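First the structure, in the form of structure tokens, and then the observations on it.
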Amino acid sequence: MQQLEGIHDAQEWMAWAELAGYQPPSLEAMVWIVKASKGIPDRIVEVIQANFPHRHNTIKPKESVYAQRKRFRENMIAAFSLEELKDICSDMEIEYENLPNHGQLNSFVRELIAFAGRIGRLNELIEICQTERPHLEW
Numbered sequence: 002m003q004q005l006e007g008i009h010d011a012q013e014w015m016a017w018a019e020l021a022g023y024q025p026p027s028l029e030a031m032v033w034i035v036k037a038s039k040g041i042p043d044r045i046v047e048v049i050q051a052n053f054p055h056r057h058n059t060i061k062p063k064e065s066v067y068a069q070r071k072r073f074r075e076n077m078i079a080a081f082s083l084e085e086l087k088d089i090c091s092d093m094e095i096e097y098e099n100l101p102n103h104g105q106l107n108s109f110v111r112e113l114i115a116f117a118g119r120i121g122r123l124n125e126l127i128e129i130c131q132t133e134r135p136h137l138e139w
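All residue numbers for the sequence shown refer to my numbering, where the first residue is 2 and numbers rise by one.
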């Protein structure tokens, strides 16, 4: 749990939960959990594990959130062209034109991941990437 000490806000916990394979209902729910647990990582993880559905074949939970996000970002950059990512945005009904730097692959991937996390759809983006490029470890 020591690696989770650096996670402080609900948005970071939301990203961690999704990358660990849990499906939190909303950012608002995560805000409540973080406040009710007084920000104590062990308590927050316990609540997430006890209350949120879990899907299998997820990113290794022993990795830090930083390592998980970095690998996901690097895989997206290596696996998809800018045009393919714009198609994925279209399929997800995300207006890629509203994302900053939508003309540069590296910046676009970073902004897409951040945006998907903010709107609670990071899990969906990961699943799409797994479906489109099953040979990679997402």
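The beta carbon of each residue, even a glycine, is placed where N, CA and C say it ideally should be. Quick caveat, the model's predicted, so the values are computed rather than measured.
DSSP beta-bridge partners of residue i
i, result
"Tyr-1", "No answer is possible for residue 1: the residues shown for the chain start at 2 and end at 139."
"Tyr-97", "DSSP lists no partner for Tyr-97."
"His-55", "Tyr-23"
Alpha-carbon to alpha-carbon, residue j and residue i
i, j, result
"Trp-139", "Ile-127", "7 Å"
"Thr-132", "Ile-89", "12 Å"
"Met-2", "Cys-130", "Unreliable positioning characterises Met-2 in this predicted model, as indicated by a pLDDT of 46, which lies under 50. A coordinate reading is not provided."
"His-103", "Ser-91", "13 Å"
"Leu-54", "Trp-17", "The amino acid occupying residue 54 in the given sequence is Pro; Leu does not appear at that position. Taking the straight line joining both Cα atoms gives about 14 Å."
"Ala-37", "Ile-45", "9 Å"
"Glu-94", "Ala-117", "11 Å"
"Pro-101", "Ala-80", "21 Å"
"Pro-42", "Gly-22", "17 Å"
"Asn-99", "Ser-108", "13 Å"
"Arg-70", "Tyr-97", "20 Å"
"Gly-121", "Pro-135", "23 Å"
"Ile-1", "Glu-125", "For the chain, the structure presents residues 2 to 139; residue 1 sits outside this window and is missing."
"Trp-14", "Lys-39", "13 Å"
"Ile-78", "Ala-68", "15 Å"
Residue j beta carbon less than 9 Å from that of residue i
i, j, result
"Leu-137", "Leu-20", "no"
"Val-66", "Ile-114", "no"
"Gln-1", "Arg-119", "No answer is possible for residue 1: the residues shown for the chain start at 2 and end at 139."
"Arg-56", "Gln-24", "yes"
- Message: Assess contact between the region 41-50 and the region 82-102, defined as three or more Cβ pairs (one per stretch) separated by less than 8 Å. Is contact present?
- Response: no
- Query: Are the region 65-78 and the region 29-46 touching by the rule of at least three beta carbon pairs closer than 8 Å?
  - Reply: no
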